[in-house]
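The end of the sequence shown is residue 182 by this note's numbering, with every number in the run present. The C-beta atom is built at its ideal place from N, Cα and C for all residues, glycine as well. Step one of this worksheet: look at the structure below.
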Amino acid sequence: MGFLCILSSYGQAEDTTQNMEFLDTTDESNELEKDHNFTEHVADSNNLPNIQNNVEHSELKTYSIGKVIALNKITATSKELVLKPNEPQYFGNIQIKLHKCIKNLDPYNEDNYMLLTITEHKIDEDPMLIFQGWIISSSISVSTFEHPIYEIFAKDCL
Numbered sequence: 025m026g027f028l029c030i031l032s033s034y035g036q037a038e039d040t041t042q043n044m045e046f047l048d049t050t051d052e053s054n055e056l057e058k059d060h061n062f063t064e065h066v067a068d069s070n071n072l073p074n075i076q077n078n079v080e081h082s083e084l085k086t087y088s089i090g091k092v093i094a095l096n097k098i099t100a101t102s103k104e105l106v107l108k109p110n111e112p113q114y115f116g117n118i119q120i121k122l123h124k125c126i127k128n129l130d131p132y133n134e135d136n137y138m139l140l141t142i143t144e145h146k147i148d149e150d151p152m153l154i155f156q157g158w159i160i161s162s163s164i165s166v167s168t169f170e171h172p173i174y175e176i177f178a179k180d181c182l
């Protein structure tokens, strides 16, 4: 039975090869002319968009309040926390402290960037710094915050 499948697949591959031989290649000279015209158009620097202007239009604004979503992966409970700079809040046994909240106001690339410090507090132990860095709302995977129980997501800067 396996041998028949191989023959069947071989037959299909052979038919595909035969069909490819019938492609019409008579219009290649027109395509080359189109490519040449396109490269001339691109080479003309007046037709190219000014990349500097696009960068200047991207506006970053610092806000005084940041919203994060804290998730307990064990109990599946989540809570929206409103953070103010240097005013820590607790979720379970972790302390979350916002240092900076920056929002990109570009409508084509809206993003929220939060500089956070996350400290874990356990009974009879010193507080342990488990994360200090930037969390980005649009790129959850970029954040390097890893914890077996908790997950923190940036939501918005207000």
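Does the beta-carbon distance from residue i to residue j come in below 7 angstroms?
i	j	result
Ala94	Ile173	no
Ala100	Asn136	no
Ile154	Ile164	no
Helix, strand or coil for residue i? Go by DSSP, reduced to three states.
i	result
Ile98	coil
Val166	helix
Ile180	It is worth fixing the name first, because residue 180 is Asp in this sequence and not Ile. In the structure shown, Asp180 sits in a strand (DSSP, three-state: E or B).
Lys103	strand
Ile154	strand
Ile147	coil
Pro112	coil
His123	strand
Asn61	Residue placement at Asn61 cannot be trusted, given a pLDDT of 48 that sits under 50; what the coordinates show is reported in the next sentence. Asn61 falls in the helix class under three-state DSSP.
Leu129	coil
Ile93	strand
Check whether the Cβ of residue i lies closer than 7 angstroms to any Cβ atom in chain D.
i	result
Leu129	Absence of chain D from the displayed structure is noted, only one protein chain being present.
Can you tell which of the options has its C-alpha closest to the C-alpha of residue i?
i	options	result
Asn133	Asp150, Phe155, Ser162	Ser162
Thr86	Ala178, Asn128, Thr101	Asn128
Ser102	Phe155, Gly116, Leu139	Gly116
His145	Leu182, Trp158, Ile118, Asp180	Ile118
Phe152	Val166, His171, Pro131, Glu83	According to the sequence as given, residue 152 is Met; it is not Phe. Among Val166, His171, Pro131, Glu83, the Cα nearest to that of Met152 is on His171.
Phe169	Gln156, Glu83, Ser88	Gln156
Assess, as a yes-or-no matter, whether the region 97 to 108 is touched by the region 116 to 125 under the definition of 3 or more beta carbon pairs within less than 8 angstroms. Contact holds: three or more Cβ-Cβ distances are below 8 angstroms.
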